[in-house]
Every structure is written in C-alpha cells, then in structure tokens.
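Below is one structure, written out as structure tokens; the observations come after it.
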Amino acid sequence: ATLGGLVMATGMTTHSHICGLTNDTVVSFDLVTSYGDDIHVTTDNEHSDLFRALPWSHGTLGFLVGLELKISAAPEYVKMKYTPLYSQQAYNSRYLQV
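944 is the number of the first residue of the sequence shown in our numbering; add one for each residue after it.
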C-alpha cells in the first residue's frame, strides 16, 4: 500500500492502534482537481470540506500529489524476533500465545 492509497481510502496500518487511521495523521493535502487546478487542502482554509471528504473518496475527487503528515514518536530501537511458522495451525497456536 502507498501512503496516498491509505489516506484516500481510510486505510489502517499495523500502527493504527497507536496513532489512529492513516488519514487521522494528515495535516494537509495537495491535490490536482479535474479542472487542472492545484489546491492546498487543510481543515481551516476554503477547501476544508474536501479535507473531510478526501479520506473516503478513493481518489474520485482529485489527484493527490502531496501530503503533510503528523509523525508519531517511536523508540530508537525496536527488538524483533523472527519465528517461522509452517502451517495455519501453528500460526493460530502461536497467535493465541501472544
């Protein structure tokens, strides 16, 4: 998935339980309309109606050319452990343990 696709389709990521849906992190959109106009969309400018509509539009209201997003803080290091699972049953069993 791309950020544009996630934002324009109200997408979620593996981090959504911490910071909300991807479109909840949007500060502004830069969009080209069907008339060819390049517009900057925020919550408090003349295009605020689009700000609320774009996340549900799946790209039907214009062509997204830019985003400004809020960044969520993350720890400097994340410990990960890879555990290969070779069957659906093994996966389900491990999932229930976690």
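Here a beta-carbon is modelled for each residue, glycine too, at the ideal position from N, C-alpha and C. Just so you know, these numbers come straight off a predicted model, no measurement behind them.
Query: Quick one: Cα of Val-984 to Cα of Thr-968, how far?; Result: 14 Å
Query: Got a sec, what are the start and stop residues for the beta strand (DSSP E) His-983 sits in?; Result: 981-984
Query: As a quick exercise: from Val-970, Leu-974, Gly-963, Ala-1033, pick the residue whose alpha carbon is nearest that of Ser-1000.; Result: Leu-974
Query: Based on the DSSP secondary-structure assignment, which residues constitute the bridge partners of Val-969?; Result: Leu-1012
Query: Can you look up Val-975 in the DSSP assignment and give me helix, strand or coil?; Result: strand
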